[in-house]
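Numbering (the working numbering), first residue to last: 63 to 282.
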């Protein structure tokens, strides 16, 4: 039995618009420029480090985070599952895979999104950004998810699916298969450079390919 763990934002759900709006509001309040290019250049899963890179003074990080939570909460309904992002995990579960999510997002933010998008029942293994003191690409969040999956689930028979280079680096550090999903945070070249074993245009496209490869050639 294989374990397949997913990133959340940008992989299973389209949250870029809501993230961009919230980050733009915070940066504007601090008089700092912000656009997609600066987001790509400064993105790291640890929001504190990202905000430092974007110019927020260290002593005002909590103030910025409170502002971000209010802005993102107001636009939370804009976070929606990508096309096929419910059917694809359903097919994996029905084929015998154990599924979960390993995200830098905090539990209080992501769990309501899991419920609202209909993905909660499909992803019983969950590691959130506030569960551990370290963040991707540190391997410990993914190692914790595999421990939660049970002793049968070894890294070499598991996969991590994500849209950012840090996702690929975490999977490689653990020894799991690194599956890259194209997004604003990682184009195919960047994902492969970070260690992706394969890259797909979406989770749905990868699951089609993965299940077809697992079933092998048809026999007559």
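All residues carry an ideal CB built from backbone N, CA and C; glycine is no exception. Computed from a prediction, not measured in an experiment: that's the story for all the values here.
Simplified DSSP assignment, three categories, for residue i
| i | result |
| --- | --- |
| residue 222 | strand |
| residue 86 | helix |
| residue 244 | coil |
| residue 196 | coil |
| residue 233 | helix |
| residue 170 | helix |
| residue 54 | Since the first and last residues shown for the chain are 63 and 282, residue 54 lies out of range. |
| residue 76 | strand |
| residue 81 | helix |
| residue 281 | With a pLDDT of only 38 at residue 281, under the threshold of 50, the placement of this residue in the model should not be trusted; the figure read from the coordinates follows. If DSSP states are grouped into helix, strand and coil, residue 281 belongs with coil. |
Proximity below 9 angstroms, CB of residue i to CB of residue j
| i | j | result |
| --- | --- | --- |
| residue 186 | residue 161 | yes |
| residue 245 | residue 225 | yes |
| residue 69 | residue 222 | yes |
| residue 133 | residue 171 | no |
| residue 64 | residue 158 | yes |
| residue 169 | residue 188 | yes |
| residue 140 | residue 181 | no |
| residue 204 | residue 236 | yes |
| residue 67 | residue 220 | yes |
| residue 214 | residue 184 | no |
| residue 107 | residue 199 | yes |
| residue 74 | residue 147 | yes |
N-terminal and C-terminal residue of the beta strand (DSSP E) that residue i is part of
| i | result |
| --- | --- |
| residue 68 | 65-68 |
| residue 205 | Residue 205 -> not in any beta strand (DSSP E); alpha helix (DSSP H) instead, spanning 202-211. |
| residue 214 | Taken as a continuous stretch (DSSP letters only), residue 214 belongs to no beta strand (DSSP E), as it is neither H nor E. |
| residue 287 | Only positions 63 to 282 of the chain appear in this structure, which leaves residue 287 out of reach. |
Contact test: residue i Cβ vs the ligand COA heavy atom, cutoff 8 angstroms
| i | result |
| --- | --- |
| residue 118 | With respect to the ligand COA, the structure offers nothing, as it holds no ligand at all. |
Range covered by the alpha helix (DSSP H) that runs through residue i
| i | result |
| --- | --- |
| residue 277 | 265-277 |
| residue 253 | 250-255 |
Residue i at chain B interface by Cβ criterion, 9 angstroms
| i | result |
| --- | --- |
| residue 164 | Among the chains in the structure shown there is no chain B, since it carries only a single protein chain. |
Next on the checklist: What ranges does the beta strand (DSSP E) occupy inside the region 89-168, keeping only unbroken runs of at least 3 residues that lie completely in it?
Outcome noted: Here the runs fully enclosed are 160-164.
Checklist entry - Quick check: the region 101-108 against the region 256-268, are there 3 or more CB pairs under 8 angstroms? => result They do not touch, by the three-pair rule.
Item to check | Validate contact between the region 229-247 and the region 115-126 using beta carbons, cut 8 angstroms, 3 pairs | outcome: At 8 angstroms Cβ cutoff, the stretches do not touch.
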